[in-house]
Amino acid sequence: MKYTGETNPDIWLEDYRLACRAGGANEDLFVTQYLPICLGDNVRAWLKFVPAYSIGGWADLRKMFVGNFQGMYVRIGNSWDLKSCK
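Counted the way this note's numbering counts, the sequence shown spans residues 432 to 517.
Quick look at the structure:
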């Protein structure tokens, strides 16, 4: 279940948090600290560039994570995409 940047980061984070809670992690601090283990190498590298002390909890992490990876994931095409094909 490693995040590689190919799926919607908001949905992936929610699934990750739910999985942690199902496993018995009731505190967001644990869920936040465990996250790097569940990231692919390319995504984990992003954490190295996050300024120290800029993540105070789950809400901060979620905001930064989604803000960084939202534009990168592969989206399913729609009818407008088909109309632009020539």
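Just so it is clear, CB atoms sit at the ideal spot from N, CA and C, and this is done for glycine as well.
Beta-carbon within less than 7 Å of L470's beta-carbon, same chain only, minus the 5 sequence neighbours each way: which residues are those?
For the purposes of this step, residue 470 is taken as residue 39 along the sequence shown, with counting starting at 1. Cβ within range, chain order: K433 and Y434.
| task | Since I believe V497 is in contact with L444 (beta carbons under 8 Å), could you give me their beta-carbon distance rounded to a whole number of angstroms? | result | Position 13 of the sequence shown, counting from 1, holds the residue named residue 444. Position 66 of the sequence shown, counting from 1, holds the residue named residue 497. Indeed they touch by this definition, with Cβ atoms about 7 Å apart.
Q | Simplified DSSP state of Y447, which is helix, strand or coil | A | As a first step, residue 447 is located in the sequence shown; it is residue number 16 there, counting from the start. Note: Y447 maps to helix in three-state DSSP.
Under 8 Å between the Cβ atoms of W436 and V474?
Position 5 of the sequence shown, counted from the start, is the residue given in the question as residue 436. Position 43 of the sequence shown, counted from the start, is the residue given in the question as residue 474. The residue asked about is misnamed: residue 436 is Gly in this sequence, not Trp. For G436 and V474, yes; Cβs fall inside 8 Å.
Exercise. Alpha helix (DSSP H) containing N499: first to last residue?
Worked result: Translated into the one-based positions of the sequence shown, residue 499 becomes position 68. First-last of the alpha helix (DSSP H) with N499: W489 to F500.
- request: Could you have a look at Y434 and say whether DSSP puts it in helix, strand or coil?
  value: Your numbering for residue 434 matches position 3 in the sequence shown. Y434 falls in the strand class under three-state DSSP.
Alpha carbon to alpha carbon, how far is D459 from A450? Give it in angstroms, no decimals. For the purposes of this step, residue 450 is taken as residue 19 along the sequence shown, with counting starting at 1. For the purposes of this step, residue 459 is taken as residue 28 along the sequence shown, with counting starting at 1. Each residue's alpha carbon lies about 12 Å from the other.
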